[in-house]
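J.: Structure in structure tokens, see below.
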Amino acid sequence: MGQVLSESQIAGYHRDGFLVIPDFTDASACRAVKTRAEEILRAFDPESHRSVFTTNEQSRHADREFIESANGIHCFFEEEAFDEEGRLRQAKELSVNKIGHAMHDLDPVFAAFTYTTKLAGVAADIGIPDALALQSMYICKQPRIGGEVGCHQDATFLYTVPITVTGFWFAIEDATLENGCMWASPGGHRTSLRKKFVRNVENDGATFDVLDPNPLPEAPGDLVPLEVSAGTMIVLHGLLPHWSDVNRSDKSRHAYSLHCIAASADYPSWNWLQRSADLPLRRLSDMARAR
Ligand code: FE2
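This is how it looks when you write it as structure tokens:
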């Protein structure tokens with residue numbers, strides 16, 4: 178696999194803990210996943226699933242639907258999707274916060290977007306030649322009700338020894354200050370992991386264990402905004418504190434996010450995301466080569 182990133186991009190990633198790559202994905206690939214996500218939203222029955230993606234870190238917990246989404250394609254509502262009587266305030270297509278977490282292995286359109294030689298090359302360039310595609314999310318960040326995602330480190334939710342989780346975040350639509358773009362703390366990955374999200378087998382949920390009580394950087398003050406246009410990919414180190422604001426604008430902010438871990442790392446069985454035996458994790462490089 179040839180090198181995809183330049184030496185200065187690789188150095189920038191290790192220095193900052195993130196790397197912004199404009200024009201990584203072409204417009205037709207963005208259009209294809211957006212169209213597929215919209216089909217999934219249209220087909221979704223809101224009466225049978227009422228799971229809300231609670232973006233506030235303090236109150237976040239996992240319910241059964243969240244745990245089951247490790248092996249499926251589930252839709253999670255925005256926190257502000259329902260009125261006081263529990264009715265949707267707007268069309269279901271405009272009420273879903275995100276779709277997750279195994280589309281990249283269950284849906285051909287998402288698989289084609291995910292398993293590319295180019296992405297496998299980026300992973301290899303930053304030191305994960307054996308990257309396993311662990312988790313996919315299609316984030317809608319809906320107009321007016323798109324929820325904040327509190328400042329966090331991805332390694333909290335997908336923990337390995339050593340820490341290897343890496344986020345590949347693709348802007349499917351332009352991400353701006355107005356519609357809740359990503360913010361990150363340059364160099365902030367050179368720190369400790371503050372919390373881990375531990376599965377609780379008894380009640381089919383998961384809760385936080387504090388590892389280091391020191392607070393993460395204050396958002397947005399200590400972070401910088403990453404305003405990017407559709408087609409940009411942002412690579413995020415698993416320890417990098419990042420945050421995104423609410424979307425009060427009338428534009429959505431669609432993004433696709435893939436999280437990978439190194440196959441060589443240990444993946445504890447207390448992680449919330451556990452794949453069933455009939456849906457094993459796959460390597461970016463193997464799948465890209467097979468296409
Ligand atoms: Fe994140």
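For the sequence shown, this note's numbering assigns the number 178 to the initial residue and increments by one for each residue that follows. Here a beta-carbon is modelled for each residue, glycine too, at the ideal position from N, C-alpha and C.
1. Would you say G344 touches ligand 1, meaning its beta carbon is less than 8 Å from a heavy atom?
2. Go through its chain and collect everything with a Cβ distance to P339's Cβ below 7 Å, but skip five positions before and after it.
3. Taking the Cβ atom as the reference point for each residue, do A247 and L450 lie within a distance shorter than 9 Å?
4. Only counting the same chain, and skipping five residues up and downstream in sequence, which positions put a Cβ closer than 8 Å to that of E270?
5. When DSSP labels each residue in this structure, what does T337 get in the three-state scheme?
6. Near R460, which residues of its chain fall below 7 Å by C-beta distance, leaving aside the five closest residues on each side in sequence?
7. Between which two residues does the alpha helix (DSSP H) carrying V210 extend?
8. Could you tell me if Q319 is buried or exposed, where buried requires 16 or more neighbouring beta carbons within 10 angstroms of its beta carbon?
9. Can you check which of these residues, Q330, H329, M359, Y292, is closest to S313 by C-alpha distance?
10. Using a Cβ-Cβ cut-off of 8 Å (strictly less than) and excluding sequence neighbours within five positions of G194, which residues of its own chain qualify?
11. Might you give, ordered along the chain, the residues of its own chain that have their beta carbon closer than 7 Å to the beta carbon of D302, omitting 5 neighbours on each side?
12. Among the residues of its own chain, which have a CB less than 8 Å from the CB of S185, if the five just before and after it don't count?
13. Assuming G344 is part of the alpha helix (DSSP H), what are its boundary residues?
14. If we count the other Cβ atoms within 10 Å of its Cβ and call it buried at 16 or more, is W420 buried or exposed?
15. Counting only the same chain and skipping the five closest in sequence on each side, list residues whose C-beta sits under 6 Å from that of D422.
16. According to DSSP, simplified to helix, strand and coil, what is G189?
17. For the candidate residues M359, G277, P394, whose alpha-carbon lies nearest to that of L403?
18. In terms of alpha-carbon separation, which member of E257, G298, L393, F374 lies closest to P445?
19. State the DSSP-derived secondary structure class of K373, mapped to helix, strand or coil.
20. For H436, which option in D381, G408, L388, A279 has the closest C-alpha, if you only look at C-alpha atoms?
21. Grab me the residues of D203's own chain with a C-beta within less than 8 Å of its C-beta, minus the 5 sequence neighbours each way, in chain order.
22. Express the C-alpha separation of E242 and I305 in angstroms, rounding to a whole number.
23. Between L370 and Q330, is the Cβ-Cβ spacing less than 9 Å?
24. Using DSSP with H/G/I as helix, E/B as strand and the rest coil, what is K269?
25. With DSSP collapsed to three states, give me the class of P285.
26. Taking the beta carbon of V342 as the centre, do at least 16 other beta carbons fall within 10 Å, making it buried, or is it exposed?
27. Report the three-state DSSP secondary structure of V412 (helix, strand or coil).
T.: Looking at the atomic coordinates:
1. Shortest gap from the CB of G344 to any heavy atom of ligand 1: under 8 Å.
2. A442
3. yes
4. E215, L218, R219
5. coil
6. D307, A308, L309, A440
7. Element bounds for V210: 204 to 220.
8. buried
9. Y292
10. A361, S362, P363, G364, G365, H366, R367, L413, H414, L416, L417
11. Q180, V181, L182, I187
12. none
13. Not the alpha helix (DSSP H): G344 falls in the beta strand (DSSP E), residues 343 to 348.
14. buried
15. Same-chain partners within the cutoff: E325, G357.
16. Helix at G189.
17. M359
18. F374
19. strand
20. A279
21. G408
22. 31 Å
23. yes
24. helix
25. helix
26. Buried, because 16 or more other Cβ atoms sit within 10 Å of the Cβ of V342.
27. strand
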